[in-house]
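Add 596 to the 1-based position in the sequence shown for my numbering, that's all there is to it.
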Amino acid sequence: MTLSRNTHRPTDRTRGTAPLGVIADDFTGATDVAVALRRAGLRTLLFFGVPDRTGQETHEPDTSHLPGHEALVVALKSRMAPPSDAVASSLRALDWLRGQGAGQIYFKFCSTFDSTPRGNIGPVLDRLAEATGADTVPLTPSSPEHLRTQYQGCLFVDDKLLGESHMRDHPVTPMTDSYLPRLLRAQTREKVALIGLGTVREGGAAVREALAAAGARGARYVLADGIDESDLRTLGRAALGSPLVAGAAGLAAGLAHAYAEERTGRTPRAGRDTTADASGPPGGPAAVLSGSCSHRTLEQLAVLADAGRPGYRLDPVATPDAVALAEAALAWYDTLPANGDAPVIYSSAAPETLRDTQRALGVERSAALLEEATGRIATGLVERGVRRLVAAGGETSGAVVAALGVTGAHVGAEAARGVPWIHPLGGHPLALLLKSGNFGDPGLLLDASASSAEPADRT
């Protein structure tokens, strides 16, 4: 039988030893999905950027002999990139994952569907679907553990419709519409369909039938409702038949549970750790770097201030030079007592302050200046003996990881749900906590950077 392009193929199972390959559109999203996979029972390795195949031409680890794994996550900085750049980097990640034997691809985007009518979710999906031969792609941003749920095609954030949530005022990707099929249709020429919660609650067979029916009607992308973890596990079992799946960490966890069930014949124990990635919370001198302007991060910074933590604000308008901005911040750090509380260096600001900065410098220039300065500061802090770096915000996390040359990591213990400590491959004595702007309770930054018995060596 010849299948049309838009027919779901439930018999194309991903079996055997082929690992799951994940492409994440930002660094904090990558840590979120990596720990979700690990928690579901899959041994997971995380890479920042597309690794070199041998490591011979770069300082990256040799990926020709990776530690044992069942899932590989490649973190990109593509969420806010121009669509053409996002597509190009995603295809490079796909090529590398295929080279490592990945049997199924998962495209991880934000649970708040951060995007604009130009992309990048739609354009990246289009090219990945074409490259993988995916006729019908199941997807959902639902991630109930982070209070993101999809019902009747609408996305809810913290029990509010997306368009009525704090995301309405996002400085780069304001989300004023809550209906996901309409949001995705604005970014692609492909047809978009919807599977309602009633069908999901009927079970995996019903979802597979709905996927096949949507494909037969010409739909390539099928958004599925989900409001709790059992819904995501049902969708995960149904998605085993798809070359390409997409969504937030919730669906990835459901897919991981389906992988583990298929390989072992039984439901995996939640949170199974491995010797490679089960390390607990790290010690050593700490510092916080924050660039996120999300409401939750601003709350977390307020908790640090109320606790009397020393803080330094990066002001790119007053000092519109990345080198000078970093040098001033590090000079301030050098004045602090060696055994004092962990400081915070931040560019996070309320929406009105951020808009003033963007008007003065331009959106792209202000972002680039702060990213370069943050990377230089991270390098300087590590040189001064900091061994725990807490980074708040996706772009901030990307700048820190890039500046420090961290290309691969084991996933460690969670400081908050979806926010794990990561430990660079190669035994570097450094631990990173990369926090998505909206994640964690108000005390997360305070707790994650709590005082250590080891004073910083600033000689």
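Built from N, CA and C at the ideal position, the CB exists for glycine as well.
The structure presented is a predicted model; accordingly, all values stated were derived computationally and were not measured.
Can you say whether residue i is buried or exposed, counting buried as having 16 or more other CB atoms within 10 angstroms of its CB?
i, result
"Val772", "Sequence inspection shows Thr at residue 772; the Val mentioned does not correspond to that position. Result: exposed."
"Pro878", "buried"
"Asp621", "buried"
"Asp710", "buried"
"Asn1034", "buried"
"Gln700", "buried"
"Glu798", "exposed"
"Ser944", "buried"
"Thr931", "exposed"
"Ser707", "buried"
"Asp824", "exposed"
"Arg951", "exposed"
"Ser886", "buried"
"Gly867", "Here the model assigns Gly867 a pLDDT of 42, short of 50, so the residue's position is not dependable, and the following value carries that caveat. Exposed is the call here."
"Val884", "buried"
"Asp691", "exposed"
"Thr598", "At Thr598, the pLDDT of 32 sits below 50, so the modelled position is not reliable and the matter cannot be decided from this model."
"Pro881", "buried"
"Gly749", "buried"
"Pro663", "exposed"
"Gly1014", "buried"
"Arg816", "buried"
"Ala1044", "buried"
"Glu967", "buried"
"Ala682", "buried"
"Ser685", "buried"
What residue range does the beta strand (DSSP E) around residue i cover?
i, result
"Arg744", "Arg744 to Tyr747"
"Leu672", "Where Leu672 is concerned, there is no enclosing beta strand (DSSP E), given that its DSSP letter is neither H nor E."
"Leu1029", "Ala1027 to Lys1031"
"Leu1064", "As shown, the chain starts at 597 and ends at 1055. That puts residue 1064 outside it, with no answer to give."
"Ala620", "Leu616 to Ala620"
"Ser886", "Ala882 to Ser886"
Since residue i sits in a beta bridge, which residues does DSSP pair it with?
i, result
"Arg983", "Per DSSP, none; premise fails for Arg983."
"Ser739", "Arg744"
"Gly907", "Val940"
"Ala1046", "BP columns for Ala1046 are empty, so no partner."
"Ile701", "Gly617 and Leu840"
"Leu757", "Phe752"
"Glu551", "With the chain covering 597 to 1055 only, the question about residue 551 has no answer from this structure."
"Leu641", "Leu668 and His1006"
Can you tell me whether residue i is helix, strand or coil according to DSSP?
i, result
"Thr784", "coil"
"Pro1016", "strand"
"Leu690", "helix"
"Thr732", "coil"
"Gly1004", "strand"
"Leu1021", "coil"
"Ser711", "coil"
"Thr915", "coil"
"Leu847", "helix"
"Gly879", "coil"
"Val646", "coil"
"Leu831", "helix"
"Asp824", "coil"
"Pro679", "helix"
"Leu599", "Because Leu599 sits at a pLDDT of 34, beneath the cut-off of 50, its placement in the model cannot be relied upon, and the following sentence gives the value as read from the coordinates. Coil."
"Asp873", "In this predicted model, Asp873 has a pLDDT of only 42, less than 50, meaning its place in the structure is not dependable enough to derive any value."
Could you tell me the boundaries of the alpha helix (DSSP H) in which residue i lies?
i, result
"Leu724", "Ile717 to Thr728"
"Phe1035", "No alpha helix (DSSP H) holds Phe1035; DSSP gives it neither H nor E."
"Gln896", "His891 to Asp902"
"Gly843", "Element bounds for Gly843: not the alpha helix (DSSP H) but the beta strand (DSSP E), Leu840 to Gly843."
"Val818", "Looking at the DSSP string, Val818 is not in any alpha helix (DSSP H); the run it does join, the beta strand (DSSP E), is Ala815 to Ala820."
"Ala630", "Phe623 to Arg635"
Nearest chain C C-beta to residue i closer than 7 Å, yes or no?
i, result
"Asp930", "Among the chains in the structure shown there is no chain C, since it carries only a single protein chain."
**Message:** As an exercise, report each continuous alpha helix (DSSP H) stretch of at least 4 residues that is fully enclosed by the region 919-999, in chain order.
**Reply:** Scanning the region 919-999 from its first residue to its last, the whole alpha helix (DSSP H) runs of 4-plus residues come out as 947-957 and 959-979.
**Item:** Minimum length 3: unbroken beta strand (DSSP E) runs contained in the region 761-808
**Value:** Correct list: 787-791.
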